[in-house]
Amino acid sequence: MAKGFGTQKQKKGRQNHKYYLDFLLEVLQVTHDSDGNSQAISSLLQTNLNKLDDKLIQVWRSWALDTLFRGDAEKAHAIAVDIVNFSNLIQDFSLGFPAINLEIAIIGYQMVESVFSDKIYQEEWATAKNSLGNAYCKRLRGERAKNLETAIICYQNALQVYNHKKFPERWADIQSNLGNAYLDRIRGDRFDNLETAIICYKNALQVYNREKFPERWADTQSNLGNAYLERSYGDQFENLGMSIICYQNALQIYNQHIFPQRWAGIKINLGNAYCKMIGIDRADNVEQAIKSYELALQVFTRYLFPQYWAKIQDNLGNAYCNRIYGDKVQNLESAICYYEQALEVRTIEDFPEEWASTQNNLGAAYRDKGQIDQAIEQFKSALKVYTHIAFPIMCVNSASNLGNMTFHAELWSEAIQGYNIAIKAVETSRTWAKSESHRQEILGKSIGIYQNMVQACISAGQIEKAFEYSERSRSKRLVDLMASYNLCQGEEIPPKVQELLQQYEELQQQINQERQSHKSDNNRSETRAAFQAYNEAIASLEAQKQQVWENLRREDPVLAGEIKVNPLCLSEIQKLLFDQPNTAILSFYTTNSDTHIFVVQQNQINLHTSTGQGLETLQGWINLNWLLPYMNDPKKWETQINSILRELAERLQIPELISQHLQGIEGLILVPHLLLHQIPFAALPTGEYQEYLGDKFLIRYTQSCQILEFCQQRDNVGTFNEISLQYGTVEDAEDNLPCARFEGEKLAQMYNIPPENRLIGSSQATCENYRQLAQQVQVLHSCHHAQSRLDNPLESQLKLADGSITLGQLMTPTWRLPQLVEVFLSCCETNLGIPSLTDDIFTLSIGFLCAGARSVVSTLWSVNDLATALFSIFYYQQRQEGNSRPEALQQSQIKLRELKKEKLLKRKDIKNYIITQKRNLKKPRFKNPNTSEVQQSG
Numbered sequence: 000m001a002k003g004f005g006t007q008k009q010k011k012g013r014q015n016h017k018y019y020l021d022f023l024l025e026v027l028q029v030t031h032d033s034d035g036n037s038q039a040i041s042s043l044l045q046t047n048l049n050k051l052d053d054k055l056i057q058v059w060r061s062w063a064l065d066t067l068f069r070g071d072a073e074k075a076h077a078i079a080v081d082i083v084n085f086s087n088l089i090q091d092f093s094l095g096f097p098a099i100n101l102e103i104a105i106i107g108y109q110m111v112e113s114v115f116s117d118k119i120y121q122e123e124w125a126t127a128k129n130s131l132g133n134a135y136c137k138r139l140r141g142e143r144a145k146n147l148e149t150a151i152i153c154y155q156n157a158l159q160v161y162n163h164k165k166f167p168e169r170w171a172d173i174q175s176n177l178g179n180a181y182l183d184r185i186r187g188d189r190f191d192n193l194e195t196a197i198i199c200y201k202n203a204l205q206v207y208n209r210e211k212f213p214e215r216w217a218d219t220q221s222n223l224g225n226a227y228l229e230r231s232y233g234d235q236f237e238n239l240g241m242s243i244i245c246y247q248n249a250l251q252i253y254n255q256h257i258f259p260q261r262w263a264g265i266k267i268n269l270g271n272a273y274c275k276m277i278g279i280d281r282a283d284n285v286e287q288a289i290k291s292y293e294l295a296l297q298v299f300t301r302y303l304f305p306q307y308w309a310k311i312q313d314n315l316g317n318a319y320c321n322r323i324y325g326d327k328v329q330n331l332e333s334a335i336c337y338y339e340q341a342l343e344v345r346t347i348e349d350f351p352e353e354w355a356s357t358q359n360n361l362g363a364a365y366r367d368k369g370q371i372d373q374a375i376e377q378f379k380s381a382l383k384v385y386t387h388i389a390f391p392i393m394c395v396n397s398a399s400n401l402g403n404m405t406f407h408a409e410l411w412s413e414a415i416q417g418y419n420i421a422i423k424a425v426e427t428s429r430t431w432a433k434s435e436s437h438r439q440e441i442l443g444k445s446i447g448i449y450q451n452m453v454q455a456c457i458s459a460g461q462i463e464k465a466f467e468y469s470e471r472s473r474s475k476r477l478v479d480l481m482a483s484y485n486l487c488q489g490e491e492i493p494p495k496v497q498e499l500l501q502q503y504e505e506l507q508q509q510i511n512q513e514r515q516s517h518k519s520d521n522n523r524s525e526t527r528a529a530f531q532a533y534n535e536a537i538a539s540l541e542a543q544k545q546q547v548w549e550n551l552r553r554e555d556p557v558l559a560g561e562i563k564v565n566p567l568c569l570s571e572i573q574k575l576l577f578d579q580p581n582t583a584i585l586s587f588y589t590t591n592s593d594t595h596i597f598v599v600q601q602n603q604i605n606l607h608t609s610t611g612q613g614l615e616t617l618q619g620w621i622n623l624n625w626l627l628p629y630m631n632d633p634k635k636w637e638t639q640i641n642s643i644l645r646e647l648a649e650r651l652q653i654p655e656l657i658s659q660h661l662q663g664i665e666g667l668i669l670v671p672h673l674l675l676h677q678i679p680f681a682a683l684p685t686g687e688y689q690e691y692l693g694d695k696f697l698i699r700y701t702q703s704c705q706i707l708e709f710c711q712q713r714d715n716v717g718t719f720n721e722i723s724l725q726y727g728t729v730e731d732a733e734d735n736l737p738c739a740r741f742e743g744e745k746l747a748q749m750y751n752i753p754p755e756n757r758l759i760g761s762s763q764a765t766c767e768n769y770r771q772l773a774q775q776v777q778v779l780h781s782c783h784h785a786q787s788r789l790d791n792p793l794e795s796q797l798k799l800a801d802g803s804i805t806l807g808q809l810m811t812p813t814w815r816l817p818q819l820v821e822v823f824l825s826c827c828e829t830n831l832g833i834p835s836l837t838d839d840i841f842t843l844s845i846g847f848l849c850a851g852a853r854s855v856v857s858t859l860w861s862v863n864d865l866a867t868a869l870f871s872i873f874y875y876q877q878r879q880e881g882n883s884r885p886e887a888l889q890q891s892q893i894k895l896r897e898l899k900k901e902k903l904l905k906r907k908d909i910k911n912y913i914i915t916q917k918r919n920l921k922k923p924r925f926k927n928p929n930t931s932e933v934q935q936s937g
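For the record, in the sequence shown the residue sitting at position 339 is 338 according to numbering that gives the first Met the number 0, with numbers rising by one throughout.
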């Protein structure tokens with residue numbers, strides 16, 4: 000009985016297959032006989048709408064595969080031409096089910112690819128690729144983001160055949176289509192996508208002119224206006240002005256009488272542009288927007304064009320939310336009414352993206368009206384569609400709306416929920432961005448979300464989560480760089496990267512040559528014009544280097560999405576202290592209102608809050624009283640150091656922090672935030688008589704806990720012990736620092752450093768020799784000039800005999816130094832930098848950490864030549880006695896601080912060395928005689 004049922008089912012299946020196959024053959028015959036006449040084919044389709052279903056798709060695919068690959072080439076080509084013609088028509092067929100029609104078209108274009116792959120059919124192949132791209136752009140099935148990626152590939156393939164020179168019109172058509180795909184693109188960097196779309200449209204307009212191609216010209220003008228409307232690069236006011244000009248150009252062709260639908264569509268977009276325009280005419284611009292929307296409604300009625308009608312209702316809601324004229328409450332009531340009307344058409348089943356957009360807008364209206372509960376409901380509804388993976392940009396908008404509103408209402412649970420989703424979306428967008436600068440821009444624009452999340456978690460009593468999110472936003476650019484190094488060390492450098500590295504090095508050599516040439520000239524006779532030309536030449540070369548750097552970073556495996564860096568959780572961070580029970584991590588984080596200090600130990604976390612010490616009151620105060628005086632009036636800054644540090648200790652409540660949270664703690668790993676990176680924490684008074692933080696605790700620094708983990712992972716790489724370490728020194732590279740040579744001589748005696756590991760003076764301390772030495776030794780000691788570039792950190796430089804080694808060079812793959820255990824930068828300002836809003840700080844010491852060093856000792860400001868030499872000698876003496884780096888730093892600072900000038904000058908070795916070398920002194924090593932702060936990072 001079951002067997003008989005199965006036989007009957009198979010028979011029916013064969014009949015169905017023949018039923019659909021006969022219809023397909025009839026369609027292709029009509030297509031062939033009518034030479035692709037749309038009227039003839041449409042008539043046949045209209046009488047067979049019931050056959051346009053998923054079963055037809057299956058029969059269509061199997062028949063095409065079987066027929067095209069079994070017949071001879073000439074016959075297959077003829078059938079392929081008919082398939083393309085039919086696919087072109089059904090792609091735009093308005094009856095039946097659009098989703099199925101598009102699938103039929105896509106299969107058709109895909110099936111003919113192998114037939115047209117021969118060179119003699121390359122134009123037909125490219126045409127089919129362009130049509131396939133159009134179908135994927137409109138496709139309703141599958142993931143929208145993936146469909147657009149496929150479309151872009153199709154257009155790019157088509158452009159391999161249709162170039163500007165031989166096929167200008169076809170080339171322009173595909174450029175326009177490619178622009179549309181990039182305008183709608185979901186994946187990748189939205190910033191770059193819009194710029195690419197604009198380039199494509201401008202390319203098309205090289206061919207499309209108003210006289211010869213009026214409609215295509217107008218369409219492209221309208222699309223270009225759409226791209227400028229969304230553009231974030233450049234001045235926003237100028238972009239909106241450009242979009243309005245483009246729309247007005249398009250309206251010169253598309254008037255209401257001849258092209259009512261296109262006219263109305265452009266009126267909608269024109270209204271959007273006016274609605275976004277700000278400035279002194281804001282009120283009138285909103286009224287212009289409302290007028291444009293109302294004009295469009297003359298064409299797009301609900302009965303004839305429900306989707307467009309709903310779009311206009313949504314836009315009118317936006318306009319009334321922003322309306323300045325009239326009563327504010329009444330305007331919001333009108334906005335809510337418009338949104339609700341839009342939702343009568345925009346359902347989640349039929350138009351999920353549009354539904355989510357209107358839900359978000361409705362939530363904003365309820366928020367502005369003070370109806371918090373309704374607003375929460377609408378924002379959460381929008382997030383059902385706007386997930387952080389599918390629509391990260393829109394997700395950030397809706398989720399941050401939810402977070403911000405509930406944050407101000409002190410609804411901490413809802414705020415945390417909203418910010419959590421928003422942060423996931425920010426990080427997805429950042430992952431998709433392939434430009435390092437735009438990655439930073441994405442994070443910079445969203446830093447307030449992280450700050451509010453930290454504050455919301457603290458207010459909700461969730462200290463662990465607050466700490467994790469504070470870490471999650473820190474130094475992401477630097478984390479990317481170090482992750483690339485850690486995961487890619489030992490691998491061959493790809494040829495493209497090698498080429499870019501060569502360009503980078505060549506530009507640096509040109510800069511070095513410019514500086515050497517300028518140095519050798521008689522500067523007294525130099526004219527102002529000559530000096531300006533020199534500066535302009537250097538600036539131009541540095542700008543070229545910056546562009547090469549950006550290109551290098553685009554090849555980075557992290558930026559390319561090949562490597563994902565996951566943030567650390569609290570338990571993972573606590574594991575960094577697994578063998579340090581008496582050490583605590585002090586992680587500083589400043590929000591708008593307060594500065595929080597997270598105290599992390601092996602098995603616990605506590606919070607100390609400096610209330611009222613926020614971004615303006617603390618960070619602004621540091622900038623005004625510490626950084627700016629140092630940059631502009633260093634002598635005055637020196638006289639204020641003690642008083643500023645004393646006040647900072649009071650602001651951070653250091654005595655209370657110690658008494659409440661640091662009892663039994665011996666070591667501190669400090670994670671500063673923003674301008675706290677500039678502060679010598681070791682010199683902060685503890686509240687006890689003549690006691691400083693560096694006296695009470697062994698202090699280390701790190702930019703973030705993730706970077707600390709990277710450095711600790713490197714400890715497992717080498718098996719060096721103190722006895723087997725090879726030391727190398729670079730001394731007095733420009734022959735003008737006598738104490739630097741004294742310093743190097745003492746170190747050489749202490750560690751038996753062989754002559755080949757000492758680069759002394761201008762005859763030896765060259766850039767290439769420095770690189771070779773850094774690759775050979777495990778401990779590198781540099782005592783010579785250096786310069787921090789706060790205006791352009793990548794150009795911060797170690798100044799050597801024949802030029803400079805810049806921070807940018809240290810951060811490239813050519814500087815891989817996995818064997819370096821320690822670098823001591825006995826140079827000027829090697830850890831001085833201004834952190835960005837994202838807390839990324841780039842200094843020469845960071846460059847060595849990125850290159851592979853496990854630990855770097857560096858300076859925060861300019862220090863005296865003799866004092867620096869003494870400090871270095873004291874440090875290495877402490878190391879020889881078996882003290883750790885933090886212990887050696889602590890004892891050296893105390894010893895230098897307690898050293899009396901009279902006693903110092905009586906030392907025979909110092910006295911004799913300075914006397915014999917003084918005649919060679921051209922300039923001091925450092926501007927300011929102060930050595931109170933040397934830092935160990937890593």
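Built from N, CA and C at the ideal position, the CB exists for glycine as well. From a predicted model like this one, the values you see are computed outputs, not experimental measurements.
* **Per-residue burial, A72 [other beta carbons within 10 Å of its own, 16 or more giving buried]** => The residue given as residue 72 occupies position 73 in the sequence shown. By the neighbour-count rule (16 or more Cβ atoms within 10 Å), A72 is not buried but exposed.
* S93 vs G107 beta-carbon contact at 8 Å -> Along the sequence shown, one-based indexing puts residue 93 at 94. Along the sequence shown, one-based indexing puts residue 107 at 108. No, these two residues do not count as a Cβ contact at 8 Å.
* Asked: How many angstroms separate the CA atom of A75 from the CA atom of E112?
  -> For the purposes of this step, residue 75 is identified with residue 76 of the sequence shown, where counting begins at 1. For the purposes of this step, residue 112 is identified with residue 113 of the sequence shown, where counting begins at 1. Using only the alpha carbons, I get a separation of about 11 Å.
* **Reduced DSSP category for C245 - H, G, I as helix; E, B as strand; rest coil** => One-based indexing of the sequence shown puts residue 245 at position 246. Helix.
* Asked: Can you tell me whether DSSP reads R699 as helix, strand or coil?
  -> Counted from its first residue, the sequence shown places residue 699 at position 700. Looking at R699 - three-state DSSP - the assignment turns out to be strand.
* the segment 399-416 in contact with the segment 458-476 per 3-pair CB rule at 8 Å -> yes
* **Exposed unless 16 or more other CB atoms sit within 10 angstroms - verdict on V478** => Taking the first residue of the sequence shown as 1, we reach residue 478 at position 479. Burial call: buried.
* Who are the Cβ neighbours of T149 in its own chain at under 7 Å, not counting the five residues just before and after it? -> Here residue 149 refers to the residue found at position 150 when the sequence shown is read from its first residue. Hits under 7 Å: Y135.
* Asked: Do you know how far the Cα of A249 is from the Cα of L294?
  -> For the purposes of this step, residue 294 is taken as the residue at position 295 of the sequence shown. For the purposes of this step, residue 249 is taken as the residue at position 250 of the sequence shown. One C-alpha to the other measures close to 16 Å.
* Give a yes or no on whether the C-beta atoms belonging to L674 and N622 are separated by under 8 Å. => Counting from one through the sequence shown, the residue named residue 674 turns up at place 675. Counting from one through the sequence shown, the residue named residue 622 turns up at place 623. For L674 and N622, yes; Cβs fall inside 8 Å.
* Which one of V820, D234 and G846 has the shortest CA to CA distance from Q725? -> If you number the sequence shown from 1, residue 725 lands on position 726. Of the candidates V820, D234 and G846, the one whose C-alpha sits nearest the C-alpha of Q725 is V820.
* For the beta strand (DSSP E) holding K118, just list the boundary residues, first then last. => Counting from 1 along the sequence shown, the entry for residue 118 is found at position 119. Counting along the chain, K118 falls outside any beta strand (DSSP E), and DSSP gives it neither H nor E.
* Should E615 go down as buried or exposed, given a rule of 16 or more other Cβ atoms within 10 Å for buried? -> Within the sequence shown, numbered from 1, the residue matching residue 615 stands at position 616. Per the 10 Å Cβ criterion, exposed.
* To do: From the DSSP output, in three-state form, read off G663 for me.
  => For the purposes of this step, residue 663 is taken as residue 664 along the sequence shown, with counting starting at 1. The answer is coil: DSSP assigns G663 none of H, G, I, E or B.
* Asked: Quick check: the segment 748-760 against the segment 706-714, are there 3 or more CB pairs under 8 Å?
  -> no
* **Buried/exposed call for N15, threshold 16 Cβ in 10 Å** => Position 16 of the sequence shown, counting from 1, holds the residue named residue 15. Exposed is the call here.
* May I ask you to verify whether the segment 179-192 touches the segment 139-149, counting CB pairs closer than 8 Å and requiring at least 3? => yes
* Asked: Taking the alpha helix (DSSP H) that H76 falls in, what are its first and last residues?
  -> In the sequence shown, counting from the first residue as 1, residue 76 sits at position 77. Run containing H76: A72 to Q90, per the alpha helix (DSSP H) assignment.
* Asked: Is there contact between the segment 499-510 and the segment 795-810, where contact requires at least three CB pairs shorter than 8 Å?
  -> yes
* Counting Cβ pairs, one atom from each stretch, are 3 or more of them under 8 Å apart for the segment 437-445 and the segment 580-600? -> no
* Asked: Using the C-alpha atoms, what's the distance from R138 back to I173?
  -> For the purposes of this step, residue 173 is identified with residue 174 of the sequence shown, where counting begins at 1. For the purposes of this step, residue 138 is identified with residue 139 of the sequence shown, where counting begins at 1. For I173 and R138, the distance between alpha carbons rounds to 18 Å.
* Under the three-state DSSP convention, the category L177 falls into -> What you label residue 177 is simply residue 178 of the sequence shown in a count that begins at 1. Three-state DSSP puts L177 in a helix.
* **Cβ pair C849, H783 closer than 8 Å** => If you number the sequence shown from 1, residue 849 lands on position 850. If you number the sequence shown from 1, residue 783 lands on position 784. Not a contact, by the Cβ cut-off of 8 Å.
* Which whole-angstrom value describes the C-beta separation of I243 and A196, a residue pair presumed to lie in contact below a C-beta threshold of 8 Å? -> Position 244 of the sequence shown, counted from the first residue, corresponds to residue 243. Position 197 of the sequence shown, counted from the first residue, corresponds to residue 196. Rounded, the Cβ-Cβ distance is 18 Å, inconsistent with contact.
* Cβ distance (whole Å) where N268 is taken to contact M276 below 8 Å -> Along the sequence shown, one-based indexing puts residue 268 at 269. Along the sequence shown, one-based indexing puts residue 276 at 277. Contact flag wrong, Cβ pair sits at about 13 Å.
* **For R281, the nearest candidate out of Y307, A263, N321 and Q260 (CA to CA)** => Counted from its first residue, the sequence shown places residue 281 at position 282. Comparing Cα positions, the closest option is N321.
* Asked: According to the neighbour-count rule (16 or more other Cβ atoms, all chains shown, within 10 Å of its Cβ), is Y38 buried or exposed?
  -> By one-based count along the sequence shown, residue 38 stands at place 39. Note that residue 38 is Gln in the sequence shown here, rather than Tyr. Q38 comes out exposed.
* State the start and end residues of the unbroken alpha helix (DSSP H) segment that holds E227. => Within the sequence shown, numbered from 1, the residue matching residue 227 stands at position 228. Note that residue 227 is Tyr in the sequence shown here, rather than Glu. Note, Y227: alpha helix (DSSP H), P213 to E229.
* **Validate contact between the segment 838-846 and the segment 461-477 using beta carbons, cut 8 Å, 3 pairs** => yes
* Rounded straight-line distance, which links the Cα of K54 to that of I392 -> Residue mapping note: residue 392 aligns to position 393 of the sequence shown, counting from 1. Residue mapping note: residue 54 aligns to position 55 of the sequence shown, counting from 1. Roughly 38 Å separates the two Cα atoms.
* Might you give, ordered along the chain, the residues of its own chain that have their beta carbon closer than 8 Å to the beta carbon of R523, omitting 5 neighbours on each side? => The sequence position of residue 523 within the sequence shown is 524, counting from 1. Because the pLDDT of R523 is 38, which lies under 50, any placement of that residue in the model is unreliable, and the number read from its coordinates should be weighed accordingly. Correct list: empty, nothing qualifies.
* Validate contact between the segment 371-387 and the segment 397-405 using beta carbons, cut 8 Å, 3 pairs -> yes
* Out of curiosity, what's the CA-to-CA distance linking E646 and Q677? -> Position 647 of the sequence shown, counted from the start, is the residue given in the question as residue 646. Position 678 of the sequence shown, counted from the start, is the residue given in the question as residue 677. Approximately 15 Å between the Cα atoms of the pair.
* Asked: Considering S871, what are the terminal residues of the alpha helix (DSSP H) in which it resides?
  -> Looking up residue 871 in the sequence shown gives position 872. Note, S871: alpha helix (DSSP H), D864 to Q879.
* How would you label E525, buried or exposed, when you count the other beta carbons within 10 angstroms and need 16 or more for buried? -> Residue numbering aside, residue 525 sits at position 526 when the sequence shown is read from its first letter. Note that E525 scores 44 on pLDDT, short of 50, meaning its location in the model is unreliable; the coordinates nonetheless yield the value given after this. The residue in question, E525, is exposed, as its Cβ has fewer than 16 Cβ neighbours within 10 Å.
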